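First comes the structure, then the notes that go with it.
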Amino acid sequence: MSEAGRARGRDASRWRPDGDVVERARDLLGRELRAHGVTVVLTEVEAYGGVEDPASHAYTRTPRSEIMYGPPARLYVYRSYGIHHCANIVTGPTEIAAAVLLRSGRVVDGLALARERRGDVPDVRLARGPGNLAQALGITLADLGTAVLAPDAPVRLGERVESPEIAVGPRVGVSRAADVPWRLWAAGDPTVSAYRRSPRAPA
DNA sequence: AACATGATTCGCT
DNA sequence: GCGAATCATGTTG
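According to our numbering, the stretch in the first sequence is residues 302 to 504, in order.
Shown next, in the form of structure tokens:
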């Protein structure tokens with residue numbers, strides 16, 4: 302991304318939680334997310350269409366997915382492969398139970414703390430991939446349900462500071478709806494994770 | 001109560 | 001690029 306593109310992108314408008322989930326996902330890219338002493342600029346997200354999307358955890362209503370059936374702009378955190386945490390922001394309207402998975406970001410503040418949490422990896426990898434992003438930000442199940450637009454929230458979504466060129470493609474690792482292009486990322490950005498198709502997805 | 005499955009990551013080839 | 005690790009969650013019996 303060009304320096305001019307980044308500078309041009311600043312925009313103090315507040316993220317809107319209601320509407321088409323892919324548009325809500327698009328509006329997340331380039332925004333700041335601050336959690337537990339670390340701030341990232343979001344560079345990669347995925348939209349999940351709730352009750353209308355077989356790949357969404359909310360496709361079936363269970364205790365784990367319950368938070369997505371509530372008010373939007375709250376955090377849905379789940380454990381992946383028993384060890385990692387992944388963070389989503391719920392979108393509205395509530396009956397859809399849609400959410401946006403936060404996959405990657407560039408650390409722009411709290412670098413020392415992020416390095417401490419992530420260990421010895423190159424800075425571009427500090428928050429690359431959903432598990433790594435959550436770890437860098439210190440997000441755990443304790444953050445489940447946090448209202449991210451509240452000014453004093455421990456996990457807080459901020460304003461847009463960049464407007465990168467946005468690329469679109471299929472979501473990583475999903476076995477169902479594997480070709481739906483609901484992954485969005487900052488084109489050419491080194492903090493974005495690699496695409497990987499689910500081995501269980503049909504060819 | 002037992003079984004199957006990952007919205008992943010890291011290390012090795 | 002490929003495969004194993006590893007366990008919470010959901011599903012089936």
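Each residue gets a CB set at the ideal place from its N, CA and C atoms; glycine is no exception.
Given the structure is predicted, the values throughout are model-derived calculations rather than measurements.
One question on the structure: do residue i and residue j come within less than 9 Å of each other, judged by their Cβ atoms?
i, j, result
"Arg457", "Ala356", "no"
"Ala478", "Glu345", "no"
"Arg404", "Val473", "yes"
"Leu434", "Ala398", "no"
"Arg380", "Leu442", "yes"
"Tyr377", "Ile384", "no"
"Thr492", "Ala428", "yes"
"Arg375", "Thr447", "yes"
"Ile467", "Leu343", "no"
Look up residue i in the DSSP assignment and say whether it is helix, strand or coil.
i, result
"Val409", "strand"
"His385", "strand"
"Ile368", "helix"
"Glu466", "coil"
"Tyr496", "coil"
"Arg362", "coil"
"Ala400", "strand"
"Val346", "strand"
"Arg375", "strand"
"Leu329", "coil"
"Leu427", "coil"
What number of angstroms, rounded off, separates the C-alpha of residue i from the C-alpha of residue j?
i, j, result
"Val341", "Val409", "5 Å"
"Leu414", "Gly338", "7 Å"
"Gly350", "Gly489", "26 Å"
"Asp328", "Asp321", "11 Å"
"Gly393", "Pro431", "22 Å"
"Glu465", "Pro423", "Correcting the residue type first, residue 465 is Pro in the shown sequence and not Glu. Whole-angstrom Cα-Cα distance: 22 Å."
"Gly406", "Ala437", "10 Å"
"Tyr496", "His358", "20 Å"
"Pro482", "Arg416", "32 Å"
"Gly470", "Ser494", "13 Å"
"Ser314", "Asp453", "17 Å"
Between residue i and residue j, how many whole angstroms is the CB-CB distance? I'm expecting something under 8 Å.
i, j, result
"Ala348", "Val391", "About 12 Å; that fails the 8 Å criterion."
"Glu333", "Val462", "6 Å"
"Glu460", "Asp312", "6 Å"
When the Cα of residue i is compared with those of the options, which residue comes out closest?
i, options, result
"Pro372", "Asp354, Gly383 and Arg317", "Arg317"
"Pro500", "Val493, Ser476, Leu485 and Val481", "Ser476"
"Thr395", "Glu353, Asp421 and Ser314", "Glu353"
"Ala504", "Tyr496, Asp480, Ile467 and Tyr360", "Asp480"
"Tyr455", "Gly439, Ala313 and Ala502", "Sequence check: residue 455 is Pro here, not Tyr. It is Gly439 whose Cα lies nearest to the Cα of Pro455."
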